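Report on the following structure.
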Amino acid sequence: MNDEIKDELRFHIEERIRQLVAQGMSPEEAGAEARRRFGDAERYAREIRRIERTIQSSSRRVGWGDSLRRELRHAARVLWRTPAFSLMAFLTLALGLAATTAIYTVVERVLLRPLPYPGPEELVAVQHPTSSPGTGESQWGIASVGYFHFRNARSLQDLGAYRTGSLAVSDPGRDAVEIRTAQATASVFTVLGGRAALGRVFNTEDDRPGLPWRDVVISYEFWQRYYGGDRGVIGRTIHTAAAPFTIIGVTQPGLTLPKPGPFASKADLAGFGVDLWLPLNLDPATRQNNHALYGVGRLTPGYSAEDAQRELAGMLAQFTTVYPEVYSQGFMRTYNFRVSVTPLLDDVLGSTVGTALWILFGAVGLVLLIACANVANLFLVRMEARRREAAIRGALGASRGRMAAHYLAESLLVSLAAGVAGVLLAKGSIAAILAVAPRSLPRLAGVELTWTAVAVAAGLSVLAGLAFGLLPLLRDRVDIETLRESARGLTTSRRRRFLRNGLVVSQVALALMLLAGAGLMIRSFLALHAVRPGLDPSGVVTLRVNLPYRTYETMTRAANFHRDLAERVRAIPGVAAVGATALLPLRDYGIGCAIVFRERRPYARGEATPCVSTVTTLPGFFQAMGIPVRGRAPEWSDVAGKTQAVVVTHALAERLWPGEDPIGKGIGLNGPDSEYWYRVVGVVPELRAHGLDQAPSEALFLPGTALIPGQESWGMLNYQELVIRVSRGSPLEVAGPVRDILRNMDSSVPIAEAVTMQAVVERSMSRTTFIMLLLGLAAGMALVLSAVGIYAVISYLVAQRRQEIGMRIALGAPVERVLGLVLGQTARLALAGVALGMLGVIAGTRLLRSLLFGVGPNDPLVLAAVPVVLLLLALLASYLPARRAAGVDPVEVLRG
Amino acid sequence: MPAPDLDVVRGTLDLLILKALVRGPRHGFAVLRWIEQASRDRLQIEEGALYPALHRMEQKKWLVAEWGTTEDNRRAKYYRLTALGRRHLAVELSRWSRYTEAVGFVLAAAGGGGRP
């Protein structure tokens, strides 16, 4: 209350002083005169207080005017009066905060959040890195030999091993479904800390070697989905394509595997939710060089991953003497066979995910900086305009604290409003990010705005508010001198000009860096799109056909089913071609390889033995996928007649028979001395099935028949992707009729999801697309914000120099000179920013290297184009203010 | 600027304030400036005295006060006439004109004191 009375009286005196100063009195005289005319302010204040007290006691008016609320109300009114300023500051900050919050949420979820297991920092992945001259570096899983051997390591509390797959389930009276399975050692549960919600999980008894498959554990999610959470599920039988199983337990909710097994499709990398757990029943007596298990271990307290790595490497060195029949010296040398122990989170994330996300996070951080620089500039210019007011209030003894409170209220109001809008906007942005994010980005499922992210946004906005609010007070001491300056003759101090110009320069520099990054990603994206995959994805749809082993136990049976299926599908109107393949190009290639041999020409010592993708395909595949074949593609008559006709890619032919025609050559998988050889009948000129950014694939396309008598039950045809090419309409339209055909042929075959080949191709580029889109968005925002910033500052400078410009025009300076004056000033600022930014670009784009394709980090085109874009933008942004300067009426200015 | 030479007669300050607020809400200084200008700068008020008067009139519910913002974005306390204040002004105005008329008659009456 007291303060309000003082405020009211002080306002009066202030107004009087202004009026007197305006009439030409000096501030000191004006102050004295105003006080004289007012009389004894103290006495009046006391008198009013007495009156107020009677009002309060009579009407019980509560003193709601606590100063915070009063200042906020006042600030809101002031901001409402200057909508252009308020809106600009609000939008700029809100956009910056939204982008930062959204990307922070994703980064937090994917990179920072620990894995969902107890003691996650103790978990490690145990794998075998290998390399050979032909295949390059690749990560193999562990084998049963290694599993039993490494379990004794002192640095590991325990080691688990698993592989993942899928199975068809067809219980009587229900539609067949495909479910995700994990075959795991009992130790996987102890290592990951997985417990049962109902019944029990596996123990070492279940895991004994030689036990027939019988007892299984189902996941909580599958229990809910498939059994509706029925508690009587324990002891029930589930009819799978492999065997009928008995359910002994339900796992706790949310128990997933950190990663699919070593040979899983790339489509599964996003994390692996298991439906059905099977025991692995590894046998220590089985000595096989089969590296198909993912090893996950828990470190003994006190040991680091490096310690374990050293210990396991020591153990591996003994393999050639302990298990010479499996690990020969030659094998170790040929494959440069090593063991690696990596923190589990690092392995789950892989090498490029972290880089990509940190870069994006850095990018939005820069956008936020630019936004802040912009708002800071807006506030600076505004304060400039209010210096006289501040000076008068200061002269009248308004405390610095009081003035600070006033400015703070204004800036906090803007910042907090922007914070709220930013969080709301971020919520929407996350959905948009998820829509374009690559499927292979791990741990992204179910990302949503968290309280941490909201807290970060709130913290940032409060911080911004405080900074902007205190800016004018820190910046210059408000003193009585300000009052002497006439309204027109405001000169800007060197320090202030430096600060403002500095903000513009750094904005330009930051925007330049973002633009360069986005430019490089766009170039990569274009380069990737220019790559010819060697197949024609348009009009192609694929469906997984999962044939239960029990019914289709031989290749012949499965092949007959497919032949029948292909005939029926081809009868659907609009279908041009039908085929099938075990691996989809650009999705499944590169998960394992087999060593191939050539007939009558064994490899020389030291020559690289090629380990290549071997793909079982069924007739019609090449035509349906739009892959040209020189020579011929296998027919159904080849399958039926077991002619062993195969197709190779040109890249593989060149490795095996450089410079020769491969057609007619013999190729096999059973060692150099085998008597069974496939016959090459066709060559695929070029196919980039491993990825558009990879070298042409070396691949061998096997027919749907067995090579060796007695190997009929390989099961190679039980998982095939049906490939259908349509001649008209959307390829997805045939999915319905195809499913009907499948259901009619065998209702125990699960109903599969249809995926267009176009989607597969696009998804294979999704990492590049994702980074390009987000970096592009960040760069776009940076450009707009910088343009606004430059415009604001140059406008202000022009307003400041009106008088000088008017004088120049009066003295006969032509319009071009005036335009040049303003544009020149902009150009100087922009050039400084560009120079600074280029240094940042040269230092920074190296970080992008691992994400680029077909373009170097210092691409001359990008390095040349980016500065030009920014300079043009700066000049464009200052053109309007420059026109305004040229249009100054000298008469008006000089008279004014 | 002519020197202010007339002290405001006691009791008439309220009337002047009410009159100043007829055209809409004003803050104290604006009320004062209006009185100064309307009186051609002839009425002299000790400026501080305005405020106890304003607050007293607020207490009588002739006025309501409200914090607002000036055109150059400064905080000021604005006073607005209530319906009660308007009625009071009308009453006071007629009383004032009757009073001045009466005083005028008296002073103009012939045969009073000395010759003018």
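Which chain is which? The protein sequence lines are A and B, in order.
Quick note: the first sequence uses my numbering, first residue 7, plus one each step.
Quick note: the second sequence uses my numbering, first residue 764, plus one each step.
From the three backbone atoms N, C-alpha and C, an ideal C-beta is built for every residue, glycine too.
All values derive from a computational prediction rather than experimental measurement.
Each residue's CA atom was taken as its position, placing THR187 (chain A) and TYR232 (chain A) some 14 Å apart. Considering only beta carbons, the part of the segment 24 to 46 of chain A lying closer than 9 Å to chain B consists of GLN25, ALA40, ARG43, PHE44, GLY45 and ASP46, in chain order. At a Cβ-Cβ threshold of 8 Å, VAL429 (chain A) and LEU466 (chain A) do not count as neighbours.
For ARG83 (chain A), the residues of chain B that pass the 7 Å Cβ criterion are THR832, in the order they occur in the chain. Within its own chain, the residues whose Cβ lies closer than 6 Å to the Cβ of GLY839 (chain A), once the five positions on either side in sequence are excluded, are VAL511, VAL514 and ALA515, listed in chain order. Short of 8 Å from the beta carbon of GLU898 (chain A), and not among the five residues preceding or following it, lie these beta carbons of its own chain, in chain order: GLY812.
Around the CB of HIS535 (chain A), fewer than 16 other CB atoms lie within 10 Å, so the residue is classed as exposed. DSSP, reduced to helix, strand and coil, places ASN552 (chain A) within a strand of the structure shown.
Within chain A, the residues ILE57 have their CB atoms less than 7 Å from the CB of ARG819 (chain B), given in chain order.
DSSP places ASP221 (chain A) inside the beta strand (DSSP E), whose first and last residues are 221 to 224. One alpha carbon belongs to PRO266 (chain A), the other to GLY360 (chain A), and they sit about 19 Å apart.
Annotation: Cβ neighbours of HIS790 (chain B) in chain A (cutoff 9 Å, chain order): GLU14, PHE17, HIS18 and GLU21.
If the five residues before and after LEU713 (chain A) are omitted, its C-beta is found closer than 8 Å to the C-beta atoms of GLN650, GLY674, LEU675, ASN676, TYR682 and TYR684, all from its own chain and listed in chain order.
Annotation for GLY786 (chain A): the continuous alpha helix (DSSP H) segment containing it runs 772 to 806. 8 Å or more divides the Cβ of GLY688 (chain A) from the Cβ of ALA630 (chain A). Taking C-beta atoms as the reference points, THR775 (chain A) and VAL442 (chain A) count as a pair closer than 8 Å. Inclusion of LEU781 (chain B) and LEU847 (chain B) in the CB contact set at 8 Å is not warranted, their separation being larger than that value.
Three or more Cβ pairs closer than 8 Å define a contact, and the segment 688 to 697 of chain A meets that threshold against the segment 587 to 597 of chain A. Using a Cβ distance threshold of 8 Å, GLY626 (chain A) and GLY585 (chain A) count as a contacting pair. Contact between CYS599 (chain A) and VAL621 (chain A) does not hold, since their C-beta atoms are separated by about 11 Å, which reaches or exceeds 8 Å.
About 45 Å separates the beta carbons of PRO349 (chain A) and GLY545 (chain A), which is beyond the 8 Å limit, so they are not a contact pair.
Within the segment 263 to 345 of chain A, the alpha helix (DSSP H) runs of at least 4 residues that lie entirely inside it are, in chain order, 311 to 323, 325 to 328 and 335 to 341.
A check of alpha carbon separations from ALA517 (chain A) across A:GLU666, A:TYR609, A:PRO264 and A:LEU842 identifies A:LEU842 as the nearest. The Cβ atoms of ALA248 (chain A) and TRP219 (chain A) lie closer than 8 Å to each other.
Secondary structure note for GLN726 (chain A): its beta strand (DSSP E) is the uninterrupted segment 725 to 732. In the DSSP assignment, LEU204 (chain A) falls within the unbroken beta strand (DSSP E) covering 202 to 205. B:ASP835 is the residue among B:LYS824, B:TRP859, B:ASP835 and B:ASP804 whose C-alpha sits nearest the C-alpha of ARG392 (chain A). Given a length threshold of 3 residues, each whole run of the beta strand (DSSP E) inside the segment 608 to 668 of chain A is given here in chain order: 617 to 624 and 651 to 655.
One Cα belongs to GLY850 (chain A), the other to TRP364 (chain A), and the distance between them is close to 13 Å.
Shown here, VAL868 (chain A) sits in a helix according to DSSP, grouped into three states. Flagged as an interface residue toward chain B: TYR50 (chain A), by a C-beta distance shorter than 8 Å. Taking a 10 Å sphere around the C-beta of GLN726 (chain A), we find 16 or more other C-beta atoms and assign the residue as buried. ASN836, ARG837, ARG838, ALA839 and LYS840: these are the residues of the segment 836 to 869 of chain B whose beta carbon lies less than 8 Å from some beta carbon of chain A, given in chain order. Taking TYR841 (chain B) as the centre and dropping the five residues before and after it, the same chain places the C-beta of PRO788, HIS790, GLU829 and GLY831 closer than 6 Å to its C-beta, in chain order. Secondary structure of TYR684 (chain A) (DSSP, three-state): strand. Closest in C-alpha terms to HIS568 (chain A), from the list A:LEU351, A:PHE195 and A:MET751, comes A:MET751.
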